[in-house]
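Chains as they are written, first to last, in my numbering: chain A, 380 to 553; chain B, 380 to 553.
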């Protein structure tokens with residue numbers, strides 16, 4: 380039973396790490412959802428840094444998590460669940476050894492962010508509209524275009540692993 | 380000769396990666412320098428993300444580079460040298476395997492930022508005041524207090540490796 384659970388969580392995490400879930404078939408999302416189907420929130424690249432991470436394996440990236448003012452305020456003040464209006468975005472880039480550093484040390488020492496990869500992902504909080512997915516809408520964009528339904532369908536399941544943290548994996552780094 | 384150079388660069392990079400150089404003995408810095416001796420620039424934690432990185436070895440951290448408006452504008456528009464008023468800050472945190480991910484995959488897959496470590500470092504541009512160190516003043520803080528002279532003395536030497544990029548190692552990640 381445990382092995383089945385672990386296996387399931389493995390699959391769920393593998394999927395969730397590479398994408399965010401859209402509340403598939405959640406046709407009650409209404410206008411806001413339709414709007415988000417079209418474009419990414421404006422100005423997200425200037426949002427405040429929440430934290431950074433590195434993914435190994437197939438993802439093999441360096442990533443940054445940013446938040447809008449509502450999300451960052453909630454992070455800093457420990458407010459959970461996150462208030463409506465919170466938006467969190469995950470950016471990622473290739474994981475590249477810094478040539479200057481590798482030459483000097485004789486082996487990789489510094490790894491820096493290269494080209495953008497693995498898409499851009501958002502979590503948008505509206506506890507009413509997205510109640511069926513923990514109050515969050517999840518969206519994954521590749522080159523500015525929303526990924527298809529197959530990319531998103533299974534991801535909310537994984538975020539339930541972080542249910543005690545309002546379905547958000549990342550913590551704020553001071 | 381090459382080995383001496385490589386060895387020297389290794390030492391310089393090792394030092395520079397763990398600290399930033401203060402223009403030691405640069406008594407011409409005047410009031411601005413005295414002020415920076417006391418405190419870190421206000422609000423830096425809200426500055427815009429420039430890029431992220433991972434250091435192996437003794438540093439063993441995940442780090443983020445942020446910039447104030449002047450620095451970020453210069454990065455985005457490719458303006459070099461950086462204009463006076465540019466400030467770049469480097470934050471760093473411990474490099475921790477994410478327990479949820481490790482349990483699911485059976486080995487570390489996701490590495491996240493833990494506690495703050497390796498200090499907070501600034502590069503402040505004033506091409507007149509800091510002309511002797513490429514126009515930059517470098518400052519390293521541990522727990523909000525400036526590190527001592529020994530921490531800073533050798534670091535500008537290393538930043539000369541990045542002379543062609545106005546002494547700045549990090550590139551902007553879109």
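Glycine included, C-beta positions come from ideal geometry on N, C-alpha and C. Everything numeric in this text was worked out from a predicted model, so none of it was measured.
When only Cα atoms are considered, residue 419 (chain B) and residue 438 (chain A) end up about 36 Å apart. Remark: three or more beta-carbon pairs, one from each stretch, lie closer than 8 Å, so the segment 466–478 of chain B and the segment 438–451 of chain B are flagged as touching. Taking all protein chains shown into account, residue 430 (chain B) has 16 or more neighbouring C-beta atoms within 10 Å of its C-beta and is therefore buried. Looking at the backbone, the Cα of residue 503 (chain A) and that of residue 548 (chain A) are separated by about 14 Å. Membership of residue 535 (chain B) in the alpha helix (DSSP H) is indicated by the continuous run 534–538. Chain order gives the chain A residues near residue 490 (chain B) as 432, 433, where near means a beta carbon separation below 7 Å.
Residue nearest to residue 492 (chain A) within the set B:466, B:498, B:434, B:458 is B:434 (criterion: CA-CA distance).
By the CB criterion at 9 Å, residue 552 (chain A) and residue 495 (chain B) fall inside the cutoff. Counting only runs of 4+ residues, the alpha helix (DSSP H) found wholly inside the segment 444–509 of chain B occupies 448–456, 478–484, in chain order. If you draw a straight line from the Cα of residue 519 (chain A) to the Cα of residue 423 (chain A), it is about 14 Å long.
In the DSSP assignment, residue 530 (chain A) falls within the unbroken alpha helix (DSSP H) covering 528–531.
For chain B, the residues of the segment 453–482 of chain A that bring a beta carbon within less than 7 Å of one of its beta carbons are 472, 479, 480, in chain order. DSSP links residue 550 (chain B) through a beta bridge to no other residue. Taking the beta carbon of residue 427 (chain B) as reference, the chain A residues within 7 Å of it are 425, listed in sequence order. Annotation: residue 534 (chain B) to residue 506 (chain A) spans about 50 Å, alpha carbon to alpha carbon.
Rounded to the nearest whole angstrom, the CA to CA distance from residue 446 (chain A) to residue 517 (chain A) is 14 Å. Between residue 548 (chain B) and chain A, the shortest Cβ-Cβ separation is below 9 Å.
Straight through space, the alpha carbons of residue 546 (chain A) and residue 513 (chain A) are spaced by roughly 7 Å. Counting along the chain, the unbroken beta strand (DSSP E) around residue 430 (chain A) starts and ends at 427–434. Taking every protein chain shown into account, the CB of residue 522 (chain B) has fewer than 16 other CB atoms within 10 angstroms, so this residue is exposed. Taking 9 Å as the threshold, the shortest C-beta distance from residue 498 (chain B) to chain A does not fall below it. Counting of Cβ neighbours within 10 angstroms places residue 489 (chain A) among the buried residues, the total reaching 16 or more. Taking a Cβ-Cβ cut-off of 7 Å, the neighbours of residue 436 (chain B) in chain A comprise 488, given in sequence order.
If you draw a straight line from the Cα of residue 466 (chain B) to the Cα of residue 461 (chain A), it is about 32 Å long.
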